[in-house]
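Chains A and B supply the protein sequences, listed in that same order. Taking our numbering, I'd label the letters of the first sequence as residues 21 to 211. Taking our numbering, I'd label the letters of the second sequence as residues 444 to 619. Note that beta-carbon positions come from the ideal geometry of N, C-alpha and C, so glycine has one too. Bear in mind the structure is a predicted one, so any value in this text is a computation, not a measurement. Have a look at the structure below, then the notes.
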Amino acid sequence: MSGNGAGTPPGAPRAPSLAALFVAFLTVSLSGFGGVLPWARRMIVEQRRWMTADEFNDAYALCNFLPGPNIVNFSVVFGSRFRGPAGALVALSGLLGPPVAIVLVLGTLYARFGDVAFVRGFLAGIAPAAAGLMIATALKMAEPMLRRGAGPAPVIVVAAIIAIGVMRWPMLWVLLVLVPLSIALAWWWRR
Amino acid sequence: MKQEDLLATLAVQFAALSLLAVGGANAVAPELHRQVVEVSGWMTDRQFAEMFAIAQVTPGPNVVLVTLIGYHVAGLAGALVATAAMCGPTCLVAYFVGTAWERFRDAPWRTAVQAGLVPISIGLLGAGAVVLARVADHNWTAFAITLATAAVAFCTRWNPLWMFGLAGLLGLAGLV
Chain A
21 MSGNGAGTPP GAPRAPSLAA LFVAFLTVSL SGFGGVLPWA RRMIVEQRRW MTADEFNDAY
81 ALCNFLPGPN IVNFSVVFGS RFRGPAGALV ALSGLLGPPV AIVLVLGTLY ARFGDVAFVR
141 GFLAGIAPAA AGLMIATALK MAEPMLRRGA GPAPVIVVAA IIAIGVMRWP MLWVLLVLVP
201 LSIALAWWWR R
Chain B
444 MKQEDLLATL AVQFAALSLL AVGGANAVAP ELHRQVVEVS GWMTDRQFAE MFAIAQVTPG
504 PNVVLVTLIG YHVAGLAGAL VATAAMCGPT CLVAYFVGTA WERFRDAPWR TAVQAGLVPI
564 SIGLLGAGAV VLARVADHNW TAFAITLATA AVAFCTRWNP LWMFGLAGLL GLAGLV
């Protein structure tokens, strides 16, 4: 699907050009402290109106389901829907280029000054905050699941936390057991 | 290890890992920690926690954690190889599945697969939080920062960066 054809959402002014795609994902990426998704949604649905809210949710649900960094997947799915492989590549480089460059600068500084007392103090302070943010993200994801009546899902959540977080078993083996089990339970629970 | 061997190891390990990342880059944090700290011994607990924190305060996708780890292990080439390995395979999957997915919009198996993967991603994030809290929280102040950040980020709409700033100041003051 490329060009201005079938992939163009109704109500959108026109399919974005390659340059517009690049700039959009670059902007989204640089505003996205602690999560890019809200910014991507704002840009794509509310500001540029390249997709409707439902189209966005659908595309994002797909990227949640695919393995790998969600928003990275999203840039590929979104870019390719409008402009084929070139669109995917352009959206991806807009999204990844600047953060990778920035983190490399930070990495160099860290390698050089990571042992300086005040840098260590600062990092010792923000590392626990990062753990806290992760807890909040997990809770936020769990909230709609619990509200709908989760059925057996919380058992899977707890099993994954214990197996991977506490027992430190290799993730591959844990997932090989838990993923089919969880899908089977979801299938059975819905019937 | 020779540089080429290191790069090859990074490429293979992270490409395999990326395909397990159900629910995003942070979902593989526990497995990343297991591999780079416990199995390979490329860094200490403290370094891992610090790199995770740096990745969180960098704008953009959280996958830059992998960029930092690659840089630490094998320099600039390591950073690029690790990032490409983490994003390449899944981008290809996304590209090809993205075009086919619409056809199965109402298939019952798609609903079950999607519903079944939600608790897995939540569990992986929870596991990541446990692992990270264990390596980052060596005292009560640190533990309190973790709880406070979780509460603020869950209950309010404030930008979490404020909590990071506050926590950083406490750290600078030597309290953590």
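Tell me which residues share the same chain as Ala108/A and place their Cβ nearer than 7 Å to its Cβ, disregarding the 5 neighbours each side in the sequence.
Excluding residues within five positions, the ones whose Cβ falls inside 7 Å are Val96, Gly99 and Ser100.
Within a Cβ cutoff of 6 Å, which residues of the same chain sit near Ser461/B, ignoring the five residues on either side of it in sequence?
Excluding residues within five positions, the ones whose Cβ falls inside 6 Å are Met529, Pro532 and Thr533.
Where Leu575/B and Leu567/B are concerned, what is the direct C-alpha to C-alpha distance, given to the nearest angstrom?
Answer to the nearest angstrom: the Cα atoms are 12 Å apart.
Identify whether Pro164/A lies in helix, strand or coil by the three-state DSSP scheme.
In the structure shown, Pro164/A sits in a helix (DSSP, three-state: H, G or I).
Could you check the C-alpha separation between Asp580/B and Gly185/A for me, to the nearest Å?
Each residue's alpha carbon lies about 15 Å from the other.
Quick one: grab the DSSP three-state call for Val465/B.
Looking at Val465/B - three-state DSSP - the assignment turns out to be strand.
With DSSP as the reference, identify every bridge partner of Pro87/A, one or two as the case may be.
DSSP output for Pro87/A lists Val465/B as bridge partner(s).
Rounded to a whole number of angstroms, what is the C-alpha to C-alpha distance between Ala459/B and Met191/A?
Taking the straight line joining both Cα atoms gives about 11 Å.
With a cut-off of 9 Å, does the C-beta of Trp485/B fall near any C-beta of chain A?
So, not an interface residue.
Quick check: what's the CA-CA separation for Gln456/B versus Thr128/A?
Their backbone Cα atoms lie some 23 Å apart in a straight line.
Around the Cβ of Gly88/A, are there at least 16 other Cβ atoms within 10 angstroms (buried) or fewer (exposed)?
Gly88/A comes out buried.
Using 9 Å as the threshold, is the C-beta distance between Pro551/B and Trp207/A below it?
Yes, the Cβ-Cβ distance between Pro551/B and Trp207/A is below 9 Å.
Tell me, to the nearest whole angstrom, how far the beta carbon of Ala570/B is from that of Ala180/A; I am working on the premise that it is less than 8 Å.
Contact holds; Cβ gap of about 6 Å.
Would you mind sorting Val125/A into buried or exposed? The rule is 16 or more other CB atoms within 10 Å of its CB.
Label assigned to Val125/A: exposed.
On the criterion of 16 or more Cβ atoms from any shown chain inside 10 Å, does Arg548/B qualify as buried, or is it exposed?
Label assigned to Arg548/B: exposed.
Got a sec, what are the start and stop residues for the alpha helix (DSSP H) Ser37/A sits in?
Note, Ser37/A: premise wrong, no alpha helix (DSSP H); not H, not E.
Between which residues of its own chain and Leu618/B is the CB-CB distance below 8 Å, once the five residues before and five after are set aside?
Excluding positions up to five away in sequence, the list reads Thr584.
First and last residue of the alpha helix (DSSP H) that includes His515/B?
From DSSP, the alpha helix (DSSP H) with His515/B extends over Val507 to Trp544.
What does Met71/A touch in chain B if you count any residue whose Cβ is under 8 Å from its own?
Ordered by position in chain B, no residue passes the 8 Å Cβ test against Met71/A, which lies about 13 Å from the chain.
Threshold first: 3 residues or longer. Then list the beta strand (DSSP E) segments lying entirely within the segment 127–157 of chain A, N to C.
Counting whole runs of 3 or more residues, the segment 127–157 of chain A contains no beta strand (DSSP E) stretch at all.
If you count every other CB in all the chains shown that lies within 10 Å of the CB of Arg103/A, and 16 or more means buried, which is it?
Looking at its Cβ environment, which holds 16 or more other Cβ atoms inside 10 Å, Arg103/A is buried.
What would DSSP say about Asp488/B, mapped onto helix, strand or coil?
Helix, per DSSP.
Taking the Cβ atom as the reference point for each residue, do Asn90/A and Gly503/B lie within a distance shorter than 9 Å?
No, Cβ-Cβ distance for Asn90/A and Gly503/B is not below 9 Å.
Do you know offhand how far Ala26/A's Cα is from Ala35/A's?
Because the pLDDT at Ala26/A is just 44, under 50, the model does not fix this residue reliably, and the point stays unresolved.
DSSP three-state label for Gly27/A, please.
A caution first: Gly27/A carries a pLDDT of 47, below 50, which makes its placement in the model too unreliable to give a value.
Interface residues of chain A around Gly617/B at Cβ under 8 Å?
Result: Gly141.
By the three-class DSSP mapping on this structure, what secondary structure does Asp549/B have?
DSSP places Asp549/B in coil when its eight states are reduced to three.
For Gly31/A, does the count of other Cβ atoms within 10 angstroms reach 16, so buried, or fall short, so exposed?
Any reading at Gly31/A must be qualified, since the residue scores a pLDDT of 48, below 50, and its modelled position is unreliable; the value itself is stated next. Looking at its Cβ environment, which holds fewer than 16 other Cβ atoms inside 10 Å, Gly31/A is exposed.
Would you decide whether Met606/B is buried or exposed? Buried here means 16 or more other CB atoms lie within 10 Å of its CB.
Buried, by the Cβ-count rule.
Does the segment 75–89 of chain A come into contact with the segment 514–521 of chain B, if we say contact requires no fewer than three beta-carbon pairs (one atom in each stretch) closer than 8 Å?
Because the criterion of three Cβ pairs below 8 Å is not met, the segment 75–89 of chain A and the segment 514–521 of chain B do not touch.
In whole angstroms, what is the alpha-carbon distance linking Val578/B and Val480/B?
Approximately 11 Å between the Cα atoms of the pair.
For a cutoff of 9 Å on Cβ pairs, would you count Ala593/B as touching chain A?
Yes, because at least one Cβ of chain A sits closer than 9 Å to the Cβ of Ala593/B.
Could you tell me which of Ala173/A, Val136/A, Val43/A and Val48/A sits nearest to Gln557/B, measuring between CA atoms?
Closest option to Gln557/B, Cα to Cα, is Ala173/A.
Can you give me the Cβ contacts of Trp189/A inside the same chain, cut-off strictly under 7 Å, excluding the 5 residues immediately before and after it?
Closer than 7 Å at the Cβ level, and outside the excluded window around Trp189/A, lie Ala183.
Less than 9 Å separating the beta-carbons of Glu493/B and Ala79/A?
No, these two residues do not count as a Cβ contact at 9 Å.
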